[in-house]
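Notes for the one structure printed next.
There are 2 protein chains.
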Amino acid sequence: MEESSSSAFDRIDVKILRALQAEGRLTNAELAARVNVSAATCHRRTQRLFEEGYITGVRAEIAPAAVGLGALVMVGVVLDRSTPESFGAFEEAVLKLKEVLDCNLVAGDFDYLLKIRVRDMADFNKLHGQKLIALPGVRQTRTFFVMKEVKENARLPF
Amino acid sequence: MEESSSSAFDRIDVKILRALQAEGRLTNAELAARVNVSAATCHRRTQRLFEEGYITGVRAEIAPAAVGLGALVMVGVVLDRSTPESFGAFEEAVLKLKEVLDCNLVAGDFDYLLKIRVRDMADFNKLHGQKLIALPGVRQTRTFFVMKEVKENARLPF
DNA sequence: TACGAAAATGGAAGAATCTTCCAGTTCGGC
DNA sequence: GCCGAACTGGAAGATTCTTCCATTTTCGTA
C-alpha cells in the first residue's frame, strides 16, 4: 500500500504540496522562503514531486461564466445492462463529450454520475436530447440543475 | 448578461486561457511563443486576465491517493425544511467540512449534492455518522461510493 | 559507540526569464 | 484625412532558474 505519513515524503514535501495547491505559480524562490529551505533544495524537492506523480499537473482555473459556461448540471445515468462491454462503451463515449467535466462509476441508484457545464438551460436541453440519451446503453437519466454553487473544487484536506 | 464571444477578450486571450488551463506553470516566454505575441504583450494580457477575474487562480493538482485520500464519495442530502435559514445554516456548516470538496444546491430529488474525499470506506463511515448527519437540518442522506473515476475535473470546453 | 557510504543540503554563478519603459503602429471616431 | 486612445514589440536592469560542488546529515553495520 501507498501511504500517508511515513515513507514517501516528509513535512517539507507536504508544505510544498500545500503551497502549490493554493498558488500554483509561486516562484521557486518564494516557495523556498515559505518552506524554509534553500532555493536549490526546494527546486529539487518540487521537481521530484512532479516526476514521481504526487503533483499531476498545474492548471489555471477559469471563471466558467466568463467563457460562456454559466450553467452547471449534475446527471445520474442508468444503463440498460450491467455488462463490462456496456460500461466500456459508455465510458469511451462519455470521454469524448467535452461538456462532461466529471464522470464517476458509482454504487447506488445510478450507474454513473456526471458533472456537466454548458452555457444555459437551453444548451443543456440540446445536449441532453442529442448527446446524453444517445450515449451507448443509456436507459434513463436524472437531471439535477445546480441552482447555487456553494463550494467548488475545494483543496484536498491533507 | 455577460457574454461569450465579442466584447471582453479576443482570440489571443482565449489562447492564453487555454494554454494556462492546461499548463499553469508555463513561463511567460513560452506562453508568448505559443500564442504568437511578444513577451511584453503576453505578460500584459495574462496580467489582465488575472486582474479582471477571468483566471480565478492557478493550482497544483495533487494525486489524492498519494496524500491518503483514495476514496471518493458522492452524497445526496435532503433537508428537513425548505426555509432560507435552514439552507443558510447548512451551507455555513458544510463550508467548514474540509472533506467536502464540492457542495451544490440542486433542483430534483435532493437539496444538495456533495463530493467528498476521505481515506477509505471506514473513514467515510465515521464522517457520515459523526459529521454529515449532524449537519443542521439534515433529514436524510443518500450515499454513492465511487468505484471508478472515469473523468475527473476535465478542462472547460471553450 | 564509532565508522563509512549514501543521501541530502546550501552557496555560488552562468543562463534564462521577468517586468517595465518607451517609441512606433494600429484602430476607430469625427 | 486627422487625432487620440489603445495596443504592440524591442531593450535592459532586476529577478529567478538551474546546475555544480563542497559540506553536512542520515543510517546501516561492525
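Chains as they are written, first to last, in this note's numbering: chain L, 85 to 242; chain W, 85 to 242.
Positions of the beta carbon are idealized from the N, C-alpha and C atoms, including for glycine.
Quick caveat, the model's predicted, so the values are computed rather than measured.
- Close partners of W/C187 in chain L (Cβ separation under 7 Å): V234 and K235.
- For W/E107, the nearest beta carbon of chain L is closer than 8 Å to its own beta carbon.
- In summary, the residues of the region 149-168 of chain W whose CB is separated from some CB of chain L by less than 8 Å are A149, A150, V151, G152, L153, L156 and M158, in the order they occur in the chain.
- In this structure, W/Y138 places its C-beta atom within 8 Å of the C-beta atom of L/A147.
- Inter-residue distance for L/R128 and L/D97 is about 11 Å (C-alpha atoms, whole angstroms).
- For W/R109, no beta strand (DSSP E) segment is defined, and its DSSP state is neither H nor E.
- A distance below 8 Å separates the beta carbons of W/G152 and L/F242.
- Under the three-state reduction of DSSP, W/R132 is assigned to helix.
- Within the same chain, and ignoring the five residues on either side of W/A103 in sequence, the residues whose Cβ sits closer than 8 Å to its Cβ are L110, L115, R118 and V119.
- Around the beta-carbon of L/K199, 16 or more other beta-carbon atoms lie within 10 Å, marking it buried.
- Beyond the five residues adjoining it in sequence on each side, W/D204 comes within less than 8 Å, by CB distance, of G154 and A155 in the same chain, given in chain order.
- Annotation: Cβ neighbours of L/A238 in chain W (cutoff 8 Å, chain order): K182, V184, L185 and D186.
- In this structure, L/A106 keeps its C-beta atom at 8 Å or more from the C-beta atom of W/R223.
- At least 8 Å separates the CB of W/V222 from every CB of chain L.
- Taking C-alpha positions only, W/E136 is separated from L/G160 by approximately 35 Å.
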